[in-house]
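Student:
Residue numbers (the UniProt record's numbering), protein chains in the order written: chain D, 1 to 327; chain E, 1 to 327.
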């Protein structure tokens, strides 16, 4: 992503917060005239940024609106490739749909689609995902892993590990993975991950990791039936979170586990997933297309299936909704 | 597929071959006027069908051009769903591309795209597939299996079993499967299968089984480098084959193994695949993205990976090109 004057200006202001920086100094750092700086500062103010100007002191950033636009993300990004190409929309039917289109057109690995709002957010198995404006992280990451179709499910589990670590790092909250890739806090869902792909038997053309996180959502954002089963990071932590900072942390963790996977394979990811899973060793009920399976959740197999120990022996579950009470 | 007057007429003529059938009788069976029958017979003649007409005897079919159009296929189809919806093109860049589009638009399971010629035929891993006009079977079958991504590779192996059985039934030739899904006769490639899909972790949206078979191809159809490694059913059997009959036989076998898979799972398919594979027990070299692996090909695992016994133990191979001399 080529850095624009505006992005540079914002970066300089953010880095210098809460102090003043003279117009001359800003102009030097950004590499353009003071008149141009003034024009861009007016533009930022128009978008909700509060920038104080004092005759002898210069400028300082007082308030940043909570946006997930590329220029808000850029100062926080510590990745090599993830998030270095971004398509940002205020409102979109679904970031997954946009990402599919971009991937078919040749988007590079690590490219991300981010929106403030999804009006037809997608969940697993054709379900919808409630995505009210400017309250959550609704994003889709494009990957091109050099693996076969048989290994694709490993990436789904990898994604939940990366996102779980990113959220934990920023919030410190006790967040657990529910197979295959929901994230829960105190038994309530705070994040859903949807992995989609297009590929052939021994090659994945592209994979899209869709991530939906309830960040600053309050319970009045939700319809009645969601209030009992959903939560948000703000509800759990008691405070408002800066979403762009969170996104940057998640992309960093995802890039790291992905690199680890490419270098060393699934073994390390599998062990991290098992550590972060809340359900292992517990009695669970899996609603599968073939019927109900009740037993003790033991571990993952190499394909990412969940192994459940039942009276009839150990059964691998590839697709299911899981119920378990205690967490 | 709604049956047209023309399809009905052709069906009646084919069923009655080599005998004459009176215009009156044809008109009764097809259910339209003798004038309409005459019009359609003229149209068929225009497309290369030879239909003899004798004043007192009526009509008889003398020669059918070797086409793979739906009306040529219909009289031979013995399936419930496979091939019951067909998109037929004389020439197309790739039947896979058309099938992807149709599947996204909602094509039903079992729908098939068939062409006389592909000008940009697709092989595995972005390779091209040489598909000269009216010499082979170039088709793509759309499936919507109720399985997860982790199980998708099983369908690739299922496809090679179905196609192998169909070809064997029609030709009696000693045709063997080379992992993952090439079909060989006397060590030369006669058929390639390309499985592509779009899906999410626990649901496949659609899967496309692309099948390319050299049927009546003669070696002058091929560039020099293909002559050594490719063969056709005609070369091996010494005679011209009716492609529509072959397609119908393959669709029937595919439908049967697919139904068996849905009813009883991968176990039966795996055992059929292993029986039809030419390479098990032989020393092979696998060129994988991680390097060369040499050892004895043992069997498949549950994910469809090929297990190779090497000095370092048994290694599962998910993606590779295989070399083995003896067949």
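For glycine and all other residues, C-beta sits at the position ideal for the given N, C-alpha and C.
Does the separation of the CB atoms of residue 199 of chain E and residue 152 of chain E fall below 9 Å?
Tutor: The count along the second chain starts at 1 and reaches residue 199 of chain E at position 199. The count along the second chain starts at 1 and reaches residue 152 of chain E at position 152. Yes, the pair counts as a contact, with Cβ atoms nearer than the cut-off.
Student: Pull up the distance between the alpha-carbon of residue 156 of chain D and that of residue 193 of chain D, whole angstroms please.
Tutor: On the first chain, position 156 is the one that residue 156 of chain D refers to. On the first chain, position 193 is the one that residue 193 of chain D refers to. Roughly 8 Å separates the two Cα atoms.
Student: With a cut-off of 9 Å, does the C-beta of residue 315 of chain E fall near any C-beta of chain D?
Tutor: As a first step, residue 315 of chain E is located in the second chain; it is residue number 315 there, counting from the start. No - not a single Cβ of chain D is within 9 Å of the one on residue 315 of chain E.
Student: Got a sec: is the Cβ-Cβ distance from residue 2 of chain D to anything in chain E below 9 Å?
Tutor: Position 2 of the first chain, counting from 1, holds the residue named residue 2 of chain D. Because the pLDDT at residue 2 of chain D is just 42, under 50, the model does not fix this residue reliably, and the value given afterwards should be weighed accordingly. Answer no: the Cβ-Cβ gap between residue 2 of chain D and chain E never drops below 9 Å.
Student: Hey, how far is the Cα of residue 168 of chain E from the Cα of residue 175 of chain E?
Tutor: Here the question's residue 168 of chain E lines up with position 168 in the second chain. Here the question's residue 175 of chain E lines up with position 175 in the second chain. About 7 Å.
Student: List the residues of chain E whose Cβ lies closer than 9 Å to the Cβ of residue 198 of chain D, in chain order.
Tutor: The residue given as residue 198 of chain D occupies position 198 in the first chain. 100, 196, 197, 198 and 199, listed in chain order.
Student: What are the boundary residues of the beta strand (DSSP E) that includes residue 7 of chain D?
Tutor: As a position in the first chain, residue 7 of chain D is number 7, starting the count at 1. Element bounds for residue 7 of chain D: not the beta strand (DSSP E) but the alpha helix (DSSP H), 5–16.
Student: Using a Cβ cut-off of 9 Å (strictly closer), state whether residue 149 of chain D contacts chain E.
Tutor: Position 149 of the first chain, counted from the start, is the residue given in the question as residue 149 of chain D. It does; some Cβ of chain E falls within 9 Å.
Student: What does a CB cutoff of less than 6 Å around residue 357 of chain E pick up in its chain, not counting 5 residues either side in sequence?
Tutor: The first residue shown for chain E is 1 and the last is 327, placing residue 357 of chain E beyond what the model contains.
Student: How would you write the range of the beta strand (DSSP E) that residue 112 of chain E sits in, first residue to last?
Tutor: Residue mapping note: residue 112 of chain E aligns to position 112 of the second chain, counting from 1. Run containing residue 112 of chain E: 112–118, per the beta strand (DSSP E) assignment.
Student: Within the same chain, show all residues whose beta-carbon is closer than 7 Å to that of residue 11 of chain D, passing over the 5 residues directly before and after it, in chain order.
Tutor: The residue labelled residue 11 of chain D in the question sits at position 11 within the first chain. The residues are 74 and 75.
Student: Can you find a CB in chain E that lies within less than 9 Å of the CB of residue 165 of chain D?
Tutor: As a first step, residue 165 of chain D must be located in the first chain, where it is residue number 165. Closer than 9 Å: no.
Student: For the region 284–324 of chain E, list the beta strand (DSSP E) runs that are entirely contained and at least 3 residues long, ordered along the chain.
Tutor: Taken in chain order, the whole beta strand (DSSP E) runs of length 3 or more contained in the region 284–324 of chain E are 291–300, 306–310, 313–317 and 321–323.
Student: Check for me: the alpha helix (DSSP H) holding residue 49 of chain E runs from which residue to which?
Tutor: Walking along the second chain from the start, residue 49 of chain E turns up at place 49. Looking at the DSSP string, residue 49 of chain E is not in any alpha helix (DSSP H), and its letter there is neither H nor E.
Student: Hey, could you find the ends of the beta strand (DSSP E) residue 183 of chain D is sitting in?
Tutor: Stepping through the first chain from its first residue, residue 183 of chain D is reached at position 183. 182–185 is the span of the beta strand (DSSP E), which, as asked, contains residue 183 of chain D.
Student: Say whether the region 195–215 of chain D touches the region 82–102 of chain D, bearing in mind that this needs 3 or more beta-carbon pairs closer than 8 Å, one atom from each stretch.
Tutor: Judged by Cβ distances under 8 Å, the region 195–215 of chain D makes contact with the region 82–102 of chain D, as three or more pairs qualify.
Student: What are the start and end residues of the beta strand (DSSP E) that includes residue 213 of chain E?
Tutor: Along the second chain, read from residue 1 onward, the residue named residue 213 of chain E stands at position 213. Here the beta strand (DSSP E) through residue 213 of chain E covers 203–214.
Student: Cβ of residue 156 of chain E less than 9 Å from any chain D Cβ?
Tutor: Residue 156 of chain E sits at position 156 when you count from the first residue of the second chain. It does: the Cβ of residue 156 of chain E has a partner Cβ on chain D nearer than 9 Å.
Student: Would you call the CB atoms of residue 170 of chain E and residue 230 of chain E closer than 9 Å?
Tutor: As a first step, residue 170 of chain E is located in the second chain; it is residue number 170 there, counting from the start. As a first step, residue 230 of chain E is located in the second chain; it is residue number 230 there, counting from the start. Cβ distance not < 9 Å, so residue 170 of chain E and residue 230 of chain E don't count as in contact.
Student: Looking at chain E, which residues of the region 199–221 of chain D have a Cβ within less than 7 Å of any of its Cβ atoms?
Tutor: Contacts with chain E (Cβ-Cβ distance below 7 Å) from the region 199–221 of chain D involve 199, 200, 201, 202 and 203, listed in chain order.
Student: Judging by CA-CA distance, which residue of E/294, E/277 and E/82 is the nearest neighbour of residue 283 of chain E?
Tutor: By one-based count along the second chain, residue 283 of chain E stands at place 283. When only C-alpha atoms are compared, the closest one is E/294.
Student: Can you give, in chain order, each stretch of the alpha helix (DSSP H) that sits fully within the region 33–89 of chain E and has at least 4 residues?
Tutor: 34–46 and 70–73
Student: Residues of chain E with CB closer than 9 Å to the CB of residue 277 of chain D, please, in chain order.
Tutor: In the first chain, counting from the first residue as 1, residue 277 of chain D sits at position 277. Ordered by position in chain E, no residue passes the 9 Å Cβ test against residue 277 of chain D, which lies about 15 Å from the chain.
Student: Can you pull the chain E neighbours of residue 281 of chain D, defined as C-beta to C-beta under 7 Å?
Tutor: For the purposes of this step, residue 281 of chain D is taken as residue 281 along the first chain, with counting starting at 1. Going along chain E, no residue has its Cβ under 7 Å from residue 281 of chain D, so there is no contact; the nearest lies around 23 Å.
Student: What would DSSP say about residue 260 of chain D, mapped onto helix, strand or coil?
Tutor: As a first step, residue 260 of chain D is located in the first chain; it is residue number 260 there, counting from the start. In this structure, residue 260 of chain D counts as helix in the three-state DSSP scheme.
Student: Name, going along the chain, the residues of the region 289–318 of chain D whose beta-carbon falls closer than 7 Å to a beta-carbon of chain E.
Tutor: 289, 303, 304, 305 and 318
Student: For a cutoff of 9 Å on Cβ pairs, would you count residue 124 of chain E as touching chain D?
Tutor: Position 124 of the second chain, counted from the first residue, corresponds to residue 124 of chain E. It does: the Cβ of residue 124 of chain E has a partner Cβ on chain D nearer than 9 Å.
Student: Check for me: the alpha helix (DSSP H) holding residue 171 of chain D runs from which residue to which?
Tutor: As a working mapping, residue 171 of chain D is identified with position 171 in the first chain. Unbroken alpha helix (DSSP H) run through residue 171 of chain D: 152–171.
Student: Would you say residue 152 of chain D faces chain E, with C-beta separation under 9 Å as the test?
Tutor: Within the first chain, residue 152 of chain D is the residue found at index 152, counting from 1. Yes, residue 152 of chain D counts as interfacial toward chain E.
Student: Starting from residue 140 of chain E, trace the beta strand (DSSP E) in both directions and tell me its first and last residue.
Tutor: Stepping through the second chain from its first residue, residue 140 of chain E is reached at position 140. Residue 140 of chain E -> beta strand (DSSP E) spans 136–143.
Student: For residue 262 of chain E, is the classification buried or exposed, using 16 other Cβ atoms within 10 angstroms of its Cβ as the cut-off for buried?
Tutor: Within the second chain, numbered from 1, the residue matching residue 262 of chain E stands at position 262. Per the 10 Å Cβ criterion, exposed.
Student: Taking one C-beta from the region 6–24 of chain D and one from the region 40–60 of chain D each time, how about it: are there three or more such pairs within less than 8 Å?
Tutor: yes
Student: Contact between the region 126–142 of chain D and the region 242–261 of chain D is defined here as three or more beta-carbon pairs at a separation below 8 Å; is this criterion met?
Tutor: yes
Student: Less than 9 Å between the C-beta atoms of residue 332 of chain D and residue 52 of chain D, yes or no?
Tutor: Limits of chain D in this structure are 1 at one end and 327 at the other, which puts residue 332 of chain D out of reach.
Student: Let me check one thing: in DSSP terms, what residues is residue 91 of chain D bridge-paired to?
Tutor: The residue labelled residue 91 of chain D in the question sits at position 91 within the first chain. Its beta-bridge partners are D/117.
Student: Decide if residue 78 of chain E is buried, meaning its Cβ has at least 16 other Cβ atoms within 10 Å, or exposed.
Tutor: Working through the second chain from its first residue, we reach residue 78 of chain E at position 78. The residue is exposed, with fewer than 16 neighbouring Cβ atoms inside 10 Å.
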